[in-house]
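So the protein lines, in turn, are chains D and W.
Numbering follows the working numbering, in which position 11 of the first sequence is assigned residue number 11; successive positions increment by one, without gaps.
Remember, the working numbering sits 1000 above the position in the second sequence when you count from 1.
Where a beta carbon is used, it is the ideal one built from N, C-alpha and C, also for glycine.
The structure under discussion appears below in the form of structure tokens.
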Amino acid sequence: MSAPFAIQLDEVSLARDGRTILDRLSVGIPARGVTALIGPNGAGKSVTLRIIDGLLRPDSGSVRLAPGRRAFVFQRPALVRASAAANLALGLAALTLSRRERAERVAAALERVGLSDRANDAATRFSGGEQQRLVLARAWAMQPDLLLLDEPTASLDPAATETIESLIAEMARAGTTVLLVSHNLGQVARLAEEVVVLSAGRAAERGPTRSVLFSPRTAEARAYLTGELPWTSFAAAS
Amino acid sequence: MSQTFQETLCRLWTLDRDVLAIAWLSLRVSLMAVGIGLLLGIPLGALIAVARFPGRGAVVGLLNTFMGLPPVIVGLVLYLALSRSGPLGPFGLLFTPGAMVAAQAVLATPLVAALTRQVVADAEAHLGEQLRSLRLPALRRAGVLIYDTRFSLVTAALAAFGRAISEIGAVLVVGGNIDGHTRTMTTAISLETQKGDLSLALALGLVLMGLVLSVNAAVAVLRGHAARAYG
């Protein structure tokens, strides 16, 4: 690899029930900062994340990942009927940590997302925003080298979204490579340095966020972006 | 008929020793069988729900079929195994409460396993990807999903208890319905009805119903509390 890519997909294809989902997708994700994966529904964004995490196996092509720990935050918070602290500890179960280290990380993560006073409450009773904060705190506690986010704020209000975004930005600053799937172009503009536009299972365009969002070069990217509003407020502000 | 009811009430009112002894044995045998069924069936069902292996569909089909095992067939097979010339003959379990526990456990285990598999598979649909993404091995994932579904699994325990305590074919064959030793409520009700002691049969029937209702009510209350706490 010439560039320091954290993820390199080469000619990755996947079909399900006779439908092509990824069509010889080749893309490299830089080893630092936030890269956003955008595109219309059915473009293959979530599937790409799952292939990168090893949850799905592609029919063909290769996936190369820089060594390190991965964490995945799904669109729908996946929490067990247990306390918030227990749900956080679950994320650390596969890591080699002492009991004390584990407890410290859990406490620090709860503190970071402002849920310390609810450590012993049932996580499944939390509001949607609190649940997503908890799930992101779990990823934060894992101290991952690569963080995969599948529309992490899709159903959250602006305040909850801001908290989640600040946490993502903090993790990226601390050296975690972040790959973000989002339909919220304002969020993409706020967080991502690089954008990859997926269309029909292929990378239609990639480049720095501003250039892709404001001056898309390809017809697919233009078609997607012109249908996605509102982000003109961001354009006016910047 | 009214005299039978009067005698029945009298037997219940005076807590007839026979009735109590039979009820206690039935409860003991069924609870032990359900305990074994839960210990074996819950991990088995959860593992089948979580693991992916060739022939999994056939295993699930077999498990579902075993839910409906005819008790008398289970009794017969166990009878052959436990009889003096059978492979388990040296244990001397035939016509003992131990044999009845074994028979009811054989009936309860596939029921618990099949219900657990269904409940855990539903939870897996929601949590499975996340647990696999956390790199948890299959055994650990199964454990987490069992914990997550613990309130729903109570239903499996209740179903197993209902099957065990109301079952007659298997305990009759391997227990022998020996007075004061292996006589349970169901075998006694059957026998006393044939003998014409309807008041004892009815008293036992009422105790049996009362037991099943009490266990269900207690579990429903506990489950309600837990569900309110965890959603």
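Listed along the chain, the chain W residues whose CB falls inside 9 Å of the CB of D:Asp10 amount to none; the nearest CB is some 23 Å away. For W:Ile1178, there is no enclosing beta strand (DSSP E), as DSSP gives it neither H nor E. For D:Leu147, the closest Cβ of chain W is not nearer than 8 Å. Within 7 Å of the CB of D:Arg206, no CB atom of chain W is found; the nearest one sits about 25 Å away. Pairing D:Leu179 with D:Asp157, the inter-Cα distance amounts to about 22 Å.
Exclusion of the five residues before and after W:Val1144 leaves Leu1127, Leu1131 and Leu1136 as the residues of its chain whose Cβ lies within less than 8 Å of its Cβ. Residues of chain W whose Cβ lies closer than 7 Å to the Cβ of D:Gly91 are, in chain order, Leu1134.
Cβ proximity to chain W below 7 Å picks out Asp53 and Leu55 from the region 42 to 68 of chain D.
Look at W:Leu1127: its C-beta is under 8 Å from a C-beta on chain D. Along the region 1141 to 1167 of chain W, the positions whose C-beta sits under 7 Å from a C-beta of chain D are Val1144, Tyr1147 and Asp1148, read in chain order.
According to the DSSP assignment, D:Arg16 belongs to no alpha helix (DSSP H) but to the beta strand (DSSP E) extending over Phe5 to Arg16.
Nearest in C-alpha terms to W:Ile1048, of all of W:Ala1203, W:His1225 and W:Leu1115, is W:Leu1115.
For D:Leu147, the closest of D:Phe72, D:Gly186 and D:Leu95 by C-alpha to C-alpha distance is D:Phe72. No Cβ of chain W is located within less than 8 Å of the beta carbon of D:Ala141. Counting only Cβ-Cβ distances below 8 Å, W:Gln1130 has contacts in chain D at Phe72, Phe74 and Ala78, in chain order.
Per DSSP, W:Phe1066 is one residue of the alpha helix (DSSP H) stretching across Arg1056 to Phe1066. Ranking W:Ile1178, W:Asn1216, W:Asp1148 and W:Ser1199 by CA distance to the CA of W:Ala1229 puts W:Asp1148 first.
In the three-state reduction of the DSSP assignment, D:Phe72 falls in the strand class. Each residue's CA atom was taken as its position, placing W:Leu1031 and D:Ala89 some 35 Å apart.
In chain order, Gly1041, Leu1063, Phe1066, Met1067 and Leu1069 place their CB closer than 8 Å to the CB of W:Pro1110, counting only its own chain and leaving out the 5 sequence neighbours on each side.
For D:Ser199, the enclosing beta strand (DSSP E) starts and ends at Glu194 to Ser199. For D:Asp150, DSSP records a beta bridge to D:Val181. Per DSSP, W:Asp1148 is one residue of the alpha helix (DSSP H) stretching across Ala1138 to Asp1148. Neighbours of D:Arg112 across chain W, judged by C-beta separation under 9 Å, do not exist; the nearest C-beta is about 19 Å away. Within chain W, the residues whose beta carbon sits less than 9 Å from that of D:Ala94 are Leu1134, Arg1135, Leu1136, Pro1137 and Arg1140, listed in sequence order.
In the structure shown, D:Val34 adopts extended strand secondary structure according to DSSP, grouped into three states. For D:Ser62, the uninterrupted beta strand (DSSP E) run begins and ends at Ser60 to Leu65, by DSSP. Using a CB distance cut-off of 8 Å, D:Ala82 counts as an interface residue toward chain W. Residue-level contact check: D:Ala122 touches chain W, since one or more beta carbons of chain W fall below 8 Å from its beta carbon. With contacts defined as CB atoms closer than 8 Å, W:Val1174 and W:Leu1082 qualify as a contacting pair. Annotated three-state conformation of W:Ile1048 is helix, per DSSP. In the three-state reduction of the DSSP assignment, D:Ser83 falls in the strand class, which pools E and B.
Around the beta carbon of W:Arg1011, a 10 Å sphere encloses 16 or more other beta carbons of the protein chains shown; the residue is thus reported as buried. In the DSSP assignment, D:Leu22 is bridged to D:Leu14.
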